[in-house]
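Written below as structure tokens is the structure these notes are about.
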Amino acid sequence: MKELTWRVSTDASLQAVLDDPACPPLLSQVLASIHSWQIRNETTVGRTLQASRLMRQWVAALVALGAVVTVERDGEAVDTALDEFLRRWVKGTVTTLAIPHQSDGWWGEAHVARTPSDDPIVSAFAVVRASNGVVEDARIVLTGVSADPAWLAPSPPDLLGQALDTGRIQRAASAIENEVQPEGDYLGSEEYRRAMAGVLTRRALEACLAQEVGDE
Amino acid sequence: MNSNRMKRITLAINGEEQTLEVHAGDTLLDVLRAASYTSVKYGCGTGDCGACTVLVDGNPVHSCQMRAVDADGHRVFTVEGLAPFPARKMADLHPIQRAFVETGAIQCGYCTPAQMLTAKALLDRNPDPSRAQIEEALSGVLCRCTGYLKIVQAVERAAAVMRGEEVAPFGHIEATLAKDASPADLLGQYYALPGDGRRPRVPLVVSPPEMESLDVVGQSELKVDGVKLAAGAPAFTDDVKMEGMLYGALLTSPHAHARILRIDATKARALQGVHAVLTHEDIPRVKHASGGQSYPQPPPFDQVCLDNKVRHVGDRVAVAAAETPRLAERALRLIDVEYEVLPHVLDAEEARAAGAPVVHDEPDTEGIYNREHNIVHHIEADEGDADEQWSRADVVFERAYCTSQQQQAHIEPHVCITYWDEDGRLVVRSSTQVPFHIRRMLVPLTGLSDRDIRVIKPRIGGGFGNKQEMLLEDLCAHLTIATGRPVRMEYNRQQEFTSSRSRHPTVQRYRIGVTEDMEVVATELDLLGDTGAYGTHGLTVNMVAGQKGLTLYNTPYSSFICDVVYTNKPSPGAFRGYGAMQCFFGLETMMSEIADAMGWDVVEFKRKNWIKKGESLIMAKALGEGREGFEQTIHSNGLEECVRIGVEATDWYAKRGRLNEDSGQQPGASGPVRRGIGMAVAAHGSGIAGLDMGAATLKLNDDGSFNLLIGATDIGTGSDTILAQIAAEELGVPLSDMIVYSSDTDFTPFDKGAYASSTTYISGGAARKAAREVADQIRRHAATMLGVKLQDGEGAADEGVVLGDLRLRDRAVWFPDGRSVTLEQVALSSLHQQEQHQIMATASNMSYDSPPPFGAQFAEVAVDVETGQVTVERVLMVADIGRVINPVTASGQVEGGIAQGLGFAMCEEMVYDEDGHLVNPRLGPYHVYKADEMPEIETIFVQTDEPTGPYGAKSVAELSIDGIAPAIADAIHDATGVWLREVPFTPERVWRALREVD
């Protein structure tokens, strides 16, 4: 697999990210569909990482893509996986966001919301890296199913080292449905959010599968 | 202010470099408005609404979210920079501004500057954007008036003009349809059936052949206030700054129910720059109702300006006035309040149960029906022979429906400025729908008399009923009385949710009896209305609910039982639809359910039973608005044509129940998405029969133009324009000859205000009467000028010319012999030369009729059966609003009503935690439909000639919201087989309903 890295300064606005032709399509889709032009113009990448709860779709997409942040402290630059960075705040200044760009990876996103442009109640992002049709890595991130703004699901063991198919996708989705610990609110109860975690994970992975088929 | 916090910044504003002294905490919005760039509007302060949008270095940003110091050294562009400011005429405007005026994209105009700037930024980057790109770009600016269709069309038009393309005049399509002709042929010209996407995006106006065309009435004239709103002129309440003005702020309750044991404002008053702090200890306890309604206001009088008890989170506690807004807020934080927190009740059913906390236990509120059970009103009415009709019923259905508390969410908040004028009179400049009611209501609260108070209504940034309420005017007045200074008060967005008004939530239990041959013979409606902490509008909204909910089908036996109960929630009030739309959701959904259960064609079932021309409304007398009403007979009814046309335009019978057939023609036949089509019919009213009154004054000027002075309150609806059209038609002049001034209690005659769908019908009638009287004066003077003898009406051998034979057209009076005198000549003669007098007249209008406009609404939806998410893909409204005075502004009302109806149906709901705190008091989490998620919207008008209305007009504003939710419910059932009986149709509610069926 040919792996490149797409880097963006944390000073860059979200609109600058969207305007970058090299911006991964998953990010473009999230930025264009969820956040208004105004918000994209006035919000820097760095600010989204500080206010990840407000920008959880974007952050979830970044985590799914395996984003890494560079944190500078005392003249030293340290790379940290974004999901780890979000879990335990790392002291220092975040200067760069880097995303491994998978030329032969697949991605999918699915969500449910009250209206087409509303903030999703639950969403699922899947990024699958495969070699010769065999899954090497699958990162599945959900929003709306955890106290965390973006919840990185444990790698579904059923998928790794296997070809992606509907049966494995269904089992992975069911596993995640059982795994999540959502809290209910006015947009969706705990029961509903759990059910959606399964449905939307399955759909995000099915979108990956569709890309695999398309690649063939 | 701490001088260390002051910074000097340099901004290039509209190309002009300016150095400004700003506070470190100031937003760019604060600084621009302080520098008189008043086109930049406050809407929410949280970046949700986008009204504050400006361009920074060419990019749209929320100026409320950007600190001014962060804009230092940057280019800032506002609407004032689009064209020479202030623009005075269309030709002065930038193509984007012109397009917004020409397409009717401006209703209230409050969000317009932000929409136009966003459009400019888009077109600067992409001169030929697709519709989707335009919608996406505009999605950051909320518009509550328009439904976005015309805004998108404006941007398309501006883009074409800026590319150098010719554009056709924007308007409506006129068509004629004979009564018994098939609409299919007519629609075929505009709708290729089955739909291939070729549908008109402008209103189609269908007329009967006998309806005569008029010169000004019926034309899609440009709004008379369009230029100033497009130019961003300082036209709104908050766009003026008074010398020495103080800023008022309101302290609100953190508790749902509590008694104020002690309140100490000593520290707040001691703060330098604070000029007044008022609590319940400082203001006389005068019981009143805050709803802006005609005298005498409906009971109960259960409010005082400031009370020693709070009844909902957000209730009034105290006010302060200070040199700056920041200081006023600081003063509020220094007020020490000791509360005794009381048990509270949030649910209407629980509120009327035994042992519930009593919301109004104070002895000085009178007229509560059952205080211990929180039942403020109990209403019972029935008509017809119950035993006879129930005995005819072959099948009886019972269903319950629930509606939620929707917020008006107008983008301009409530805002008010009060001051003493040079004559020592109190001037109230307010964002109100009811200036005359406000003046009257302020009298007992301030101790002033009517003659001491002047209320001015500038342009209003939307109201939808929420400004039919006195929310700030009394407090602001008290602060001016206390300080002697001008005072400005404005709600912030959270206070709009917690301290203003909303839609009454309801629980409706319908019982309907039908015969086997599709006749509805008996209907009972048991309604529970939740009026929150105060009874304002509680009686009238729920009476209207019963009246409308029982007369659409005019069942031979109709019965209404209603409890209106207090809870510890922010009070609902007036909101477009006013009880009718809640009950139409229940009624129309139930009619569809009955048709489905009985295996009947839903259209035929409704057709057989809806009220027909010549029938009397069964509940009209029993259920007026807060009092007994008046008998009403239907004189015009185009519902049959509306439905026939709607059925054809939607290809109803090809789609109904068939959208998921595996025909290969329809998408969504497999997979988790199911499609469906639904319909509902509705009828509303045109003003309050026997109560609403409006007046108009017309005055002829030297040049033959006219001042039209009207008390009617244009809150963005375009009423100034259509009233001027009515007068212009009568006087034979173009609309441009009318100079409209509205809603100033000193200078315009009385009008009840903008509510109850009354303005076109009631105020329009006044404008026509005044114009007729002025026209006669003009005729008489013209006859004098030419020495023509007029018949005096006495004696059979009267040889003079009949007054009515003198025609007013083309700015002149035309005599039967072909001679003419221009209106300018008449004016100059009458003012300066001959039988000198001012040609003018004032006329009043009221009516014991309230003719219902009728409409059919059709919705097409896609339902994701795995998630429950419903996407509304298309809405068509076919409406009979009598004669359409202005098709573009009328269709704007339809589109805006549809957008609000979509919100009611799909997402909008005020939700509380167990302590009574609203969990979604922001426009983002609450969610109002955005430009990029609107379904396709179409409007068709079926003109009828209402004999009691001006030029045959009825009303449009509220009808447009009435049938959206039941049409969507019907469509969801068509798609999935499940009935949704509670709005909004959130994904989880739909998902659960689907699971119950499984």
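Chains as they are written, first to last, in my numbering: chain D, 518 to 733; chain W, 6 to 1003.
Idealized CB from N, CA, C, for every residue including glycine.
Going straight from the alpha carbon of Leu-530 of chain W to that of Glu-593 of chain W, what length do you get?
Locating residue 530 of chain W in the second sequence gives position 525, counting from the first residue. Locating residue 593 of chain W in the second sequence gives position 588, counting from the first residue. The straight-line gap from Cα to Cα measures roughly 13 Å.
Could you list which residues in chain D have their beta carbon closer than 7 Å to that of Val-222 of chain W, in chain order?
Position 217 of the second sequence, counted from the start, is the residue given in the question as residue 222 of chain W. What Val-222 of chain W touches in chain D: nothing, since even the nearest Cβ is about 38 Å away.
Presumed contact (8 Å Cβ cut-off) between Phe-580 of chain W and Gly-554 of chain W, rounded CB distance:
Reading the second sequence from its first residue, position 575 is the one you call residue 580 of chain W. Reading the second sequence from its first residue, position 549 is the one you call residue 554 of chain W. That belief does not hold up - the Cβ atoms of Phe-580 of chain W and Gly-554 of chain W are roughly 16 Å apart, past 8 Å.
Does the beta-carbon distance from Leu-122 of chain W to Phe-82 of chain W come in below 8 Å?
Numbered from its first residue, the second sequence carries residue 122 of chain W at position 117. Numbered from its first residue, the second sequence carries residue 82 of chain W at position 77. Yes.
Give me the chain W residues within the contact set of Ile-734 of chain D, using Cβ-Cβ distance strictly less than 8 Å, ordered along the chain.
Since the first and last residues shown for chain D are 518 and 733, residue 734 of chain D lies out of range.
Within the chosen definition, does the stretch 253 to 268 of chain W reach the stretch 482 to 494 of chain W through at least 3 CB pairs nearer than 8 Å?
yes
Taking its Cβ as the centre, do 16 or more other Cβ atoms sit within 10 Å of Pro-89 of chain W, making it buried, or is it exposed?
Within the second sequence, residue 89 of chain W is the residue found at index 84, counting from 1. Answer is exposed; the Cβ neighbour count stays below 16.
Spatial neighbours of Leu-332 of chain W within its chain, please: C-beta separation below 6 Å, excluding the five flanking residues on both sides.
Here residue 332 of chain W refers to the residue found at position 327 when the second sequence is read from its first residue. Excluding positions up to five away in sequence, the list reads Gly-278.
Alpha carbon to alpha carbon, how far is Asp-756 of chain W from Arg-997 of chain W?
Translated into the one-based positions of the second sequence, residue 756 of chain W becomes position 751. Translated into the one-based positions of the second sequence, residue 997 of chain W becomes position 992. So the two alpha carbons sit approximately 49 Å from each other.
Residue environment, Asn-695 of chain D, which counts as buried when at least 16 other CB atoms sit within 10 Å:
The sequence position of residue 695 of chain D within the first sequence is 178, counting from 1. By the 10 Å Cβ count, Asn-695 of chain D comes out exposed.
Any C-beta of chain D sitting closer than 8 Å to the C-beta of Cys-912 of chain W?
Your numbering for residue 912 of chain W matches position 907 in the second sequence. Yes - at least one Cβ of chain D is within 8 Å of the one on Cys-912 of chain W.
Could you work out which residues of chain D lie near Tyr-934 of chain W, taking near to mean beta carbons separated by less than 7 Å?
Here residue 934 of chain W refers to the residue found at position 929 when the second sequence is read from its first residue. Near Tyr-934 of chain W (Cβ distances below 7 Å), the residues of chain D are Thr-632.
Supposed close pair Leu-768 of chain W, Ala-701 of chain W - CB separation, criterion 8 Å
By 1-based counting over the second sequence, the position of residue 768 of chain W is 763. By 1-based counting over the second sequence, the position of residue 701 of chain W is 696. Looking at the sequence itself, residue 768 of chain W is Ser, so the reference to Leu does not match. Between Ala-701 of chain W and Ser-768 of chain W the Cβ distance is about 7 Å, and since that is below 8 Å, they are a contact.
Taking the CB atoms as reference points, tell me whether Thr-827 of chain W and Arg-816 of chain W lie closer together than 8 Å.
Taking the first residue of the second sequence as position 1, residue 827 of chain W is located at position 822. Taking the first residue of the second sequence as position 1, residue 816 of chain W is located at position 811. A contact, by the Cβ cut-off of 8 Å.
So what's Val-611 of chain D in DSSP terms, helix, strand or just coil?
For the purposes of this step, residue 611 of chain D is taken as residue 94 along the first sequence, with counting starting at 1. Looking at Val-611 of chain D - three-state DSSP - the assignment turns out to be strand.
Identify whether Trp-615 of chain W lies in helix, strand or coil by the three-state DSSP scheme.
What you label residue 615 of chain W is simply residue 610 of the second sequence in a count that begins at 1. In the structure shown, Trp-615 of chain W sits in coil (DSSP, three-state: anything other than H, G, I, E or B).
Separation of Gly-55 of chain W from Leu-147 of chain W, as counted between CA atoms
The residue you call residue 147 of chain W lines up with position 142 of the second sequence. The residue you call residue 55 of chain W lines up with position 50 of the second sequence. If I take the Cα positions, the gap works out to 6 Å.
Can you confirm whether Met-71 of chain W, when its beta carbon is compared against all beta carbons of chain A, has any partner nearer than 8 Å?
Considering every chain present, this structure includes no chain A. Its protein chains are D and W.
Would you kindly work out how many angstroms separate the C-alpha atoms of Glu-653 of chain D and Ile-616 of chain D, rounded to a whole number?
To locate residue 653 of chain D, count along the first sequence from 1; it is residue 136. To locate residue 616 of chain D, count along the first sequence from 1; it is residue 99. Cα-Cα distance, rounded: 17 Å.
At a CB distance below 8 Å, what residues from the stretch 976 to 992 of chain W approach chain D? Give them in sequence order.
Pro-989, Thr-991, Pro-992
What whole-angstrom Cβ distance do Arg-974 of chain W and Leu-964 of chain W have, given they're in contact under 8 Å?
Numbered from 1 along the second sequence, position 969 holds the residue referred to as residue 974 of chain W. Numbered from 1 along the second sequence, position 959 holds the residue referred to as residue 964 of chain W. Residue 974 of chain W is actually Ala in this sequence, not Arg. With 8 Å as the limit, Ala-974 of chain W and Leu-964 of chain W do not qualify as a contact, their Cβ atoms being about 18 Å apart.
Work out the CA separation of Gln-500 of chain W and Leu-628 of chain W for me, nearest whole Å.
Taking the first residue of the second sequence as 1, we reach residue 628 of chain W at position 623. Taking the first residue of the second sequence as 1, we reach residue 500 of chain W at position 495. Rounded to the nearest angstrom, the two C-alpha atoms are 33 Å apart.
With a threshold of 8 Å on Cβ separation, who are the neighbours of Leu-476 of chain W within its own chain once the five nearest residues in sequence on each side are excluded?
Against the second sequence, residue 476 of chain W aligns to sequence position 471. Excluding positions up to five away in sequence, the list reads Ser-295, His-419, Tyr-496, Ser-504, Ser-505, Arg-506.
As assigned by DSSP and simplified to three states, the class of Leu-544 of chain W
Reading the second sequence from its first residue, position 539 is the one you call residue 544 of chain W. Helix, per DSSP.
So is the beta-carbon of Ser-564 of chain W under 7 Å away from any non-hydrogen atom of the ligand ADP?
Questions concerning the ligand ADP fall outside what the structure shown contains, since it holds no ligand whatsoever.
Residue span of the beta strand (DSSP E) that contains Glu-593 of chain D, given as start and end:
Here residue 593 of chain D refers to the residue found at position 76 of the first sequence. Glu-593 of chain D -> beta strand (DSSP E) spans 593 to 598.
Partner residues on chain D for Asp-1003 of chain W, Cβ-Cβ distance less than 9 Å:
Position 998 of the second sequence holds residue 1003 of chain W. By Cβ distance, chain D contributes nothing, its closest Cβ being about 13 Å from Asp-1003 of chain W, past 9 Å.
Three or more C-beta pairs below 8 Å linking the stretch 405 to 412 of chain W and the stretch 902 to 918 of chain W
yes
Per the DSSP calculation, Ser-564 of chain W is bridged to which residue(s)?
Here the question's residue 564 of chain W lines up with position 559 in the second sequence. For Ser-564 of chain W, which the question treats as bridged, DSSP gives the partners W:Asp-387, W:Glu-529.
Please state whether DSSP places Thr-284 of chain W in a helix, a strand or coil.
Here residue 284 of chain W refers to the residue found at position 279 when the second sequence is read from its first residue. Residue state, collapsed to three classes: coil.
Let me confirm a value: Asp-366 of chain W is counted as buried when at least 16 other C-beta atoms fall within 10 Å, else exposed. Which label applies?
As a position in the second sequence, residue 366 of chain W is number 361, starting the count at 1. Asp-366 of chain W comes out exposed.
Reduced DSSP category for Pro-65 of chain W - H, G, I as helix; E, B as strand; rest coil:
As a first step, residue 65 of chain W must be located in the second sequence, where it is residue number 60. Here Pro-65 of chain W sits in strand by DSSP.
Mind checking if Gln-532 of chain D is an interface residue toward chain W, Cβ cutoff 8 Å exclusive?
Looking up residue 532 of chain D in the first sequence gives position 15. Closer than 8 Å: yes.
Can we say the stretch 541 to 556 of chain W touches the stretch 613 to 626 of chain W, given the rule of at least three CB pairs closer than 8 Å?
yes
Name, going along the chain, the residues of the stretch 921 to 953 of chain W whose beta-carbon falls closer than 8 Å to a beta-carbon of chain D.
Val-924, Asn-925, Gly-929, Pro-930, His-932, Tyr-934, Lys-935, Asp-937, Glu-938
Output needed in chain order: residues of the stretch 679 to 706 of chain D with a Cβ under 9 Å from some Cβ in chain W.
Asp-702, Tyr-703, Leu-704, Gly-705, Ser-706
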